[in-house]
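Reading through the structure tokens given below for one structure.
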Amino acid sequence: MLREKLGKKALPYSFLRSSLLYRICKRYVDAYDNNNNGNIHSNGELYFLRKYINRSRLIFDVGANVGEWAEMALALNSAIDLHCFEPSSTSFSTLSKKSLAGNVTLNNFGLSSEVEDKSLFIFDDNSPLNSLWKRSGLKSYGLSTPCREEKVKLETLDNYCVAHKIEQIDVLKIDVEGHELEVLKGAKNLLSLEKINFIQFEYGGTYIDSKTFLKDVFEYFNEFNYSFYKIYPNKLFLINSYDVRFENFQYQNWAIIRKGIE
């Protein structure tokens, strides 16, 4: 048996050097681990929404870009109250022109751990890669460095909810290109009071630029009553504790769910 022969031994460098085999294996591993799939309809984001949206009234889309995720949420449940946050002026302009049916609040600012003005690094108009962190080393992906900067305003989730008299968030989706932990830090009071039920956040190569680890997110939640799940196309896999093998900086989505509501 191949498994018995290989065991846990490392293959020698000279073993079957094939770039084609490498690419096939890489695609298989990505599919197996549900990494590097940006299609929200097949990577588990749609599954996550379908699972919880009918139990939800108030939904926050942090990093709304041009509204693809927002449109999907409203298509599943048009009765929700949806708050979208998008700091980029061009992306927000495109978002605001969408015919989003339902009770939707659009905010032309981002969320963070503190109130401040910060540079947003722009790859292109409406690009989902625009980030509060200057990214580099992306030439192998056909991407150059960001072409310009835009000063944007940032608020905290705690402050926003106080100002708008919001006491409970059902679903909090965060896709902010490496700034996810800072958004969560700005929701410390809400998390302490268990006022957020379901959180979906992105992890990937952007964490290199923000000098953040997935481990940092796990450790931040040590003081809160929440559980971590890896999102797959048709399931949520419970993760009881952090493992260094998770730290691969490959694009993926995670869920954080208030204990007792699963």
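Numbering (our numbering), first residue to last: 115 to 376.
Quick reminder that beta carbons are idealized off the backbone N, C-alpha and C, glycines included.
In this text, all values refer to a predicted model and were calculated from it rather than measured experimentally.
Could you tell me which of the options sits nearest to residue i, measuring between CA atoms?
i	options	result
residue 164	124, 157, 187 and 216	187
residue 194	170, 175 and 177	170
residue 240	259, 336, 179 and 198	179
residue 344	161, 264 and 176	161
residue 243	202, 208, 277 and 221	202
residue 305	196, 338, 277 and 276	338
residue 215	207, 196 and 204	196
residue 173	137, 219, 210 and 128	219
residue 264	275, 204, 217 and 287	204
residue 369	307, 325, 287 and 326	287
residue 168	155, 183 and 189	189
residue 376	278, 361 and 349	349
Using DSSP bridges, identify the partner residues of residue i.
i	result
residue 373	Its beta-bridge partners do not exist; DSSP assigns none.
residue 219	197
residue 364	Note: residue 364 sits in no beta bridge, so no partner.
residue 154	For residue 154, which the question treats as bridged, DSSP gives no partner whatsoever.
residue 341	371
residue 224	268
residue 167	Bridge partners of residue 167: none, in fact.
residue 349	346
Only counting the same chain, and skipping five residues up and downstream in sequence, which positions put a Cβ closer than 7 angstroms to that of residue i?
i	result
residue 262	236
residue 346	148 and 158
residue 208	180 and 240
Might you give, ordered along the chain, the residues of its own chain that have their beta carbon closer than 8 angstroms to the beta carbon of residue i, omitting 5 neighbours on each side?
i	result
residue 365	149, 150, 151, 152, 316, 317, 318 and 319
residue 250	259 and 323
residue 352	341, 342 and 343
Below 8 angstroms between beta carbons: does that hold for residue i and residue j?
i	j	result
residue 328	residue 297	no
residue 363	residue 334	no
residue 247	residue 357	no
residue 257	residue 229	no
residue 175	residue 199	yes
residue 289	residue 181	no
residue 227	residue 300	yes
residue 309	residue 281	yes
residue 206	residue 222	yes
For residue i, verify whether its CB is less than 7 angstroms away from any heavy atom of the ligand ADP.
i	result
residue 370	The ligand content of the structure shown is nil, which means the ligand ADP is not present either.
Leaving out five residues before and five after residue i in sequence, what residues of the same chain have Cβ atoms less than 6 angstroms from its Cβ?
i	result
residue 291	245 and 320
residue 312	166, 285 and 371
residue 331	295
Checklist entry - Which runs of the alpha helix (DSSP H) spanning at least 4 residues fall entirely within the segment 228-304, listed in chain order? => result 271-277 and 294-299
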